Amino acid sequence: MKIDREFVLREIAGDYVIIPTGKTVLEFNGLITVNEVGVSLWNMLQNEITFDELVQGILDEYDVEESVAREDIQEFLDKLVDGGILTKDGNDAK
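First residue of the sequence shown: 1, per full-length UniProt numbering; consecutive thereafter.
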């Protein structure tokens, strides 16, 4: 899975938001606000990465139970996929 390059993360007044750029502005209505963990996930998703690698990255960086991390990461990824922000391939594990 990997982030579509038509979307960027920006810090605006202390908040982090994912916004569309280019032609995507016409297709995507809105923006997505993310927290510190979302920023970490976004940064990891700049390169091809698996779900398990995302989980391990969050576990290494934050004090969180693995089951909670998996659930929260999946929810975040689902929002990105639903918005057309994240592309997934058949090799991604949940």
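Ideal Cβ positions, reconstructed from N, Cα and C, are used throughout, including at glycine. Computed from a predicted model, the values in this text were never measured in an experiment.
Out of curiosity, what's the CA-to-CA distance linking Gly-22 and Leu-41? Taking the first residue of the sequence shown as position 1, residue 22 is located at position 22. Taking the first residue of the sequence shown as position 1, residue 41 is located at position 41. Approximately 23 Å between the Cα atoms of the pair.
Measure the alpha-carbon distance for Gly-71 versus Tyr-16 and round it to whole angstroms. In the sequence shown, residue 71 corresponds to position 71, counting from 1. In the sequence shown, residue 16 corresponds to position 16, counting from 1. Note on residue identity: the sequence assigns Glu, not Gly, to residue 71. Taking the straight line from one Cα to the other gives about 21 Å.
Rounded to whole angstroms, what's the CA-CA distance from Ala-69 to Gly-57? Just pull it up for me. On the sequence shown, position 69 is the one that residue 69 refers to. On the sequence shown, position 57 is the one that residue 57 refers to. Going by the C-alpha atoms only, they are around 10 Å apart.
Please confirm whether Gly-38 and Phe-76 have their CB atoms less than 8 Å apart. Here residue 38 refers to the residue found at position 38 of the sequence shown. Here residue 76 refers to the residue found at position 76 of the sequence shown. Closer than 8 Å, so yes.
Rounded to whole angstroms, what is the Cα-Cα separation between Asp-60 and Asn-29? Residue 60 sits at position 60 when you count from the first residue of the sequence shown. Residue 29 sits at position 29 when you count from the first residue of the sequence shown. The alpha-carbon atoms of Asp-60 and Asn-29 are separated by roughly 34 Å.
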